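Worksheet: one structure, shown below.
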Amino acid sequence: NEICIKGGEQQALERCKKIPGAPKNMTGKEAFAHVESRSFDWANSRPEWGLSGNAAFIVGRRAMTKGLSLGGRCFMHSYDCLSDPEGVFLEKIMTAPLVVTEWINMQYYTSATDPWKYGSGSKVIHNVVGGVGVMYGAQSDLATGLPLQTVNDGDVHFHEPMRLLILIEANKEIISEIIGKHEVLQKFFNNGWLNLVAVDSNSFDYHRYNKDMTWELIEL
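Heads up: the sequence shown at position 107 corresponds to 470 in this note's numbering, and the numbers run straight through without jumps.
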């Protein structure tokens with residue numbers, strides 16, 4: 364329990380560095396109390412950033428990223444390819460969590476690209492409609508995207524619209540086989556909606572997946 368408390372305080376401190384209007388130089392306990400108070404403050408149009416800023420989905424052993432600061436911008440999924448030589452578990456990851464990260468990324472991408480057309484504009488004038496969307500004031504078209512305040516800090520976009528990078532520590536041939544079995548993955552990768560890079564667990568070579576279903580070595 365103590366570990367969870369300390370982890371929550373550290374996370375709150377990191378979040379407060381980016382949250383508009385958050386006090387400076389707080390202790391961990393103060394930061395935790397601050398973000399908790401924002402969570403039920405109905406007058407605050409930007410209580411927190413949620414998943415804004417998402418840029419990558421990393422699938423692999425945690426040793427890959429140990430000691431790195433990813434700025435809260437990456438989805439993470441623990442996976443050991445050495446224990447999954449046939450890619451059985453990887454297939455489940457690529458057809459479930461990976462698909463969800465694409466949904467999230469595209470929601471933020473489109474809402475940041477055009478907040479009034481693909482997003483739902485300013486939440487200050489929202490009225491919730493039937494649990495399926497919002498309207499601006501008393502009448503408007505039904506809007507279902509993210510509000511402007513979710514992706515914009517008032518001056519510039521906090522969320523940088525980009526197509527998600529999928530980084531997988533696994534044999535690239537196995538990854539190709541999985542893509543070949545699932546149409547949804549083919550649509551994602553063969554049409555360029557997601558960027559895919561495979562990391563070899565032995566050589567640590569990086570290969571980029573191309574839209575013509577070939578792999579290209581990345582020179583580091």
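Beta carbons: idealized from backbone N, C-alpha and C, even for Gly.
As the structure is a computational prediction, the values presented were derived from the model and not from experiment.
Excluding five sequence positions before and after Cys379, the CB atoms of its chain that fall closer than 6 angstroms to its own CB belong to Ala385 and Ala394, given in chain order.
According to the DSSP secondary-structure assignment, His570 is paired through a beta bridge with Ala561 and Leu580. Excluding residues up to 5 positions away in sequence, Ile542 lie with their Cβ nearer than 7 angstroms to the Cβ of Gln549 in the same chain. Every unbroken stretch of the alpha helix (DSSP H) spanning 4 or more residues and falling wholly within the region 489–559 is given here in chain order: 511–514, 535–544 and 546–553. Here His522 has Ser415, Gly416, Tyr471, Ala475 and Val514 as same chain residues with Cβ atoms under 6 angstroms from its own Cβ, once five neighbours each way along the sequence are excluded.
Separation of Ile488 and Met525 (C-alpha to C-alpha, rounded to the nearest whole angstrom) is 28 angstroms.
Using a 10 angstroms sphere on the CB of Cys444, the tally of other CB atoms reaches 16 or more, which defines it as buried. For Gly391, there is no enclosing beta strand (DSSP E); the enclosing alpha helix (DSSP H) covers residues Gly391 to Ser402. The three-state secondary structure of Gly370, taken from DSSP, is helix.
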